[in-house]
Every structure is written in structure tokens, then in C-alpha cells.
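To keep things clear, I will list the structure first and then write my remarks on it.
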Amino acid sequence: MLIVDTIAGLLGAVLLLRFWMQAIRVRPPSSVAQFTFQLSDWLVRPLRRLVPGVGGYDWASLIGAFLIVFLATSVLFIAGLSLQTVLLMALHRFLQWVLYGFMAMLVIEAIFSWVNPHAPLAPFIRALNEPLLRPLRKVVPLVGNLDLSLLVALILLQIAQLVLTMLFKG
């Protein structure tokens, strides 16, 4: 189960990153683009024939990520759980992946800002986080020239994670 979850998590993360990059129209560095597209084209290209991009969104990547989490969760279907339960568990895991992905990007940006703000990937990560941080920067003031919006975003994502867990457990 650990191997299945690890592979599914990596592939799901790549598909979600692909969706997010295209949704916010961020051009990735060539190494990231090559890695992302080579790892996910086998699933996204066939899905695009069934689910075309609408409204500028790459729905095939998003649906592909959900299919991966559903397949990883379907092991529980074999163990005797109902299809409805497996679908709900897959939806819960999918939403967790989305939240953890945002949290990871924020942590990576924080590390870049402390260690090497001029690293080649730093502008790319900042661009990925900008849609999350922009609204918060309007509300959260600078404290001694320190931008706390990143910390506030992490706390809000953790609260969302707790609410999500309570919704699916309760």
C-alpha cells in the first residue's frame, strides 16, 4: 500500500501542478515543464479527447489527478468497502492533496526566501503562490518590513485541512 500511495502521490502532485500552472498561466522553467509533461502526458493527452479544456482550464489534468487518487483508493473497494465509501474517501484524499500541495509550495517559497531568494526556481514558486497570497497581502500588514501573509496562508490552509477532516469523518 505504501508503494501505491507514494507513486499515486507523486503522479497526483504532478497532475495538480500541471493544472495549477495552466490555470494561473505561469510558464515553468524548462526543466520543470519537461518533467511535468513527460510524467503526465500519457494520461492527460487521452483525457483531453474526452474532456477538452474549457474556460482556460486544463480539466484533463485535474480529472487525471482525481482518477489517480481514486485508483489508489480503490484498493479498499477490493477489501470490501462500498463504491460510495471508496468514492468519498477518494474525494477526501484528493482535496487533501490539493491543500498539501499549496502548503508545500508556501513552505518552499519560505525556504527560498531564507536560503537563496535569487535561486532559479524562486520566481516560479513565487508566481505559483501569488494567487493565494495577493488577497492576504491586502489584509495582513507588513510587520517591520516582514511579510506575514505566507504564515497566515499556511494557518488558513491548516484550518481548511481540519474542517475537511471533520466534514469527512463526521
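Numbering (the numbering used here), first residue to last: -6 to 163.
Heads up, the beta-carbon is just placed ideally off N, CA and C, and yes, glycines get one too.
Every value quoted in this text rests on a predicted model; they were computed, and no experiment measured them.
- By the Cβ test, the segment 0 to 20 is in contact with the segment 59 to 71, since at least three Cβ pairs between them sit closer than 8 Å.
- Taking 8 Å as the upper bound for CB-CB distance, Val145 and Leu129 are in contact here, some 5 Å apart.
- Judged by DSSP in its simplified three-state form, Val136 adopts strand.
- In the DSSP assignment, Gly48 falls outside any alpha helix (DSSP H), carrying neither H nor E.
- Going by DSSP, Arg18 is part of no alpha helix (DSSP H) at all; its letter is neither H nor E.
- About 5 Å separates the beta carbons of Phe12 and Asp51, which is inside the 8 Å limit, making them a contact pair.
- Taking the CA atoms as reference points, Gln27 sits about 10 Å from Asp34.
- Three or more beta-carbon pairs separated by less than 8 Å link the segment 140 to 155 to the segment 84 to 96, which places the two stretches in contact.
- For Gly57 against Leu8, the beta-carbon gap comes to about 5 Å, under 8 Å, which counts as contact.
- Leu76 is classed as exposed because its beta carbon has fewer than 16 other beta carbons within 10 Å across all chains shown.
- If you draw a straight line from the Cα of Phe117 to the Cα of Asn109, it is about 14 Å long.
- About 6 Å separates the beta carbon of Leu114 from that of Pro22, a gap short enough to meet the 8 Å contact definition.
- Here the alpha carbons of Gly137 and Ala53 stand approximately 44 Å from one another.
- Of all alpha-carbon atoms in Ala120, Arg86, Gln151 and Leu99, the one lying nearest the alpha-carbon of Lys162 is that of Arg86.
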